[in-house]
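**Q** Numbering (my numbering), first residue to last: 1 to 283. A virtual CB, placed ideally from N, CA and C, is assigned to each residue, including glycine. Just so we're clear, the structure is a prediction, and the values are computed from it rather than from any experiment.
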Amino acid sequence: MRWYVSIGAVLVAGMLAGGGVPGVAAPGPQAEPNERVVDKESTPSVDIELIIAVDVSYSMDMDELAVQREGYAQAIVSKEFLQALKAGPNGKISITYFEWAASNDQKIIIPWRVIDGPESADAVSAEIMKTPVRRASRTSISGAIYFAVPLFDENPHRGLRRVIDISGDGANNNGAPITPARDMALEKGIVINGLPIMVKEPSYSTMDIENLDWYYEDCVIGGPGSFVVSIKDREKFKEAIRTKLLLEVAGRTPERPVVRASDKEPRVNCMIGEKIWQDRWGR
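(1) On the premise that A148 lies in contact with A75, defined as a C-beta separation below 8 Å, what is that separation, rounded to the nearest angstrom?
(2) Mind checking if N90 is an interface residue toward chain C, Cβ cutoff 8 Å exclusive?
(3) Do you know how far the Cα of R182 is from the Cα of Y58?
(4) Can you give me the Cβ contacts of R135 inside the same chain, cut-off strictly under 6 Å, excluding the 5 residues immediately before and after it?
(5) By a C-beta neighbour count over all protein chains shown, 10 Å radius and 16 as the cutoff for buried, is P180 buried or exposed?
(6) DSSP puts D165 in a beta bridge; with which residues?
(7) When DSSP labels each residue in this structure, what does Y97 get in the three-state scheme?
(8) With C-beta atoms as the reference, is I109 less than 8 Å away from E119?
(9) Helix, strand or coil: how does DSSP classify D47 here?
(10) Determine the contact status of V199 and D165, defining contact as a CB-CB distance below 8 Å.
(11) If distances are taken between C-alpha atoms only, which option among C270, N269, L195 and L245 comes closest to I115?
(12) Distance, Cα to Cα, Y216 vs A66?
(13) Along the chain, which unbroken stretches of the beta strand (DSSP E) at least 3 residues long are found entirely within the stretch 80-150?
(14) For S226, which residues from the same chain have a beta carbon less than 7 Å from its beta carbon, with the 5 sequence-adjacent residues on both sides left out?
(15) Looking only at its chain, what residues have a beta carbon closer than 6 Å to the beta carbon of D105, apart from the 5 residues adjacent to it on each side?
(16) By DSSP, does V228 sit in helix, in strand, or in coil?
(17) With DSSP run on the structure shown, which of helix, strand or coil describes G285?
(18) Keeping to the same chain, check which residues put their C-beta closer than 8 Å to that of M62; ignore five residues upstream and five downstream.
(19) Just to confirm before moving on: does the CB-CB distance between A176 and S142 stay below 8 Å?
(20) Helix, strand or coil: how does DSSP classify G159 here?
(21) Could you pull out every residue in the same chain whose Cβ sits closer than 8 Å to the Cβ of P111, ignoring the five residues on either side in sequence?
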């Protein structure tokens, strides 16, 4: 089951009001024994193994890249985030943060790190902010997923849930098609959530598409409880990032989902990015 939500539909205070957020058992199929390294077979020590994968393609302007970076850094140290963190069964999460663009362009900014309170959250936030902002060519969401999945086996901390959190402002236009990459991750019990960035009007020069939120909903996200938080207002960029992280850490879906997903044909061609690139540049 997947939920789709716009930032205006989520009430974070309500989600956390009235005491702690109950722990949530790992959704989706259980991983086979050979899918995890031996030292992770013990009882889960963290509530979630969270991979944050952020788009740094040229379609993102420098202001968007800076606000995106600041949004994640500030969300991790926010009072709401730390409250959700402590409400979990283990009271801590394991997180890694990387930037992506083309199919062969991924850069880890934060290797696997445990956040268990204000001090560790501050350290991760500071490390995110001190890394210079960069931009790169092409957009390969599939490449980001294929890069992210093996990282779970490198994490020494086993979690109740495994989640890939993808933010981006365009459709896949480089590397492998998106749906096989998504399906591969889902088969391993990994949940993919999305943060489509839609603060600019679609532009020929940036390969933007209309209804990017539909594209993320139908072609990118997946797994039990997966959801999209779309950003359509630049002023709410940081709020949207904080909302998505809170939902992920708390193991919750939005309280007021806009649409309940059902099995249906995608509303957007999942190869639209590749088609636009081919039509314009013939390669």
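**A** In short:
(1) Along the sequence shown, one-based indexing puts residue 75 at 75. Along the sequence shown, one-based indexing puts residue 148 at 148. A75 to A148, Cβ: 19 Å. No contact.
(2) Although the question refers to chain C, the structure presented lacks it and comprises just one protein chain.
(3) Counted from its first residue, the sequence shown places residue 58 at position 58. Counted from its first residue, the sequence shown places residue 182 at position 182. In a straight line, the C-alpha of Y58 is about 23 Å away from that of R182.
(4) In the sequence shown, residue 135 corresponds to position 135, counting from 1. Closer than 6 Å at Cβ, skipping near neighbours: V56 and Y58.
(5) Residue mapping note: residue 180 aligns to position 180 of the sequence shown, counting from 1. Classification for P180: exposed.
(6) On the sequence shown, position 165 is the one that residue 165 refers to. The partner list for D165 (beta bridge, DSSP) reads I52 and N193.
(7) Counting from one through the sequence shown, the residue named residue 97 turns up at place 97. Note: Y97 maps to strand in three-state DSSP.
(8) On the sequence shown, residue 109 is found 109 positions in, with the first residue counted as 1. On the sequence shown, residue 119 is found 119 positions in, with the first residue counted as 1. Taking 8 Å as the Cβ cut-off, I109 and E119 do not qualify as a contacting pair.
(9) Position 47 of the sequence shown holds residue 47. Strand.
(10) Here the question's residue 199 lines up with position 199 in the sequence shown. Here the question's residue 165 lines up with position 165 in the sequence shown. For V199 and D165, no; Cβs fall outside 8 Å.
(11) Residue numbering aside, residue 115 sits at position 115 when the sequence shown is read from its first letter. Looking at the Cα atoms, L245 is the closest of the given residues.
(12) Along the sequence shown, one-based indexing puts residue 216 at 216. Along the sequence shown, one-based indexing puts residue 66 at 66. Whole-angstrom Cα-Cα distance: 22 Å.
(13) 93-100 and 106-115
(14) Counted from its first residue, the sequence shown places residue 226 at position 226. Result list for S226: R2, V191, I192 and N193, in chain order.
(15) Here residue 105 refers to the residue found at position 105 when the sequence shown is read from its first residue. Here the set comprises A136.
(16) In the sequence shown, residue 228 corresponds to position 228, counting from 1. Strand, per DSSP.
(17) No statement about residue 285 is possible, as the shown extent of the chain runs from 1 to 283 and does not include it.
(18) Position 62 of the sequence shown, counting from 1, holds the residue named residue 62. V133 and R135, listed in sequence order.
(19) Here residue 176 refers to the residue found at position 176 when the sequence shown is read from its first residue. Here residue 142 refers to the residue found at position 142 when the sequence shown is read from its first residue. In contact: A176 and S142 (Cβ atoms closer than 8 Å).
(20) For this step, residue 159 is matched to residue 159 along the sequence shown. Here G159 sits in strand by DSSP.
(21) In the sequence shown, residue 111 corresponds to position 111, counting from 1. Here the set comprises T96.
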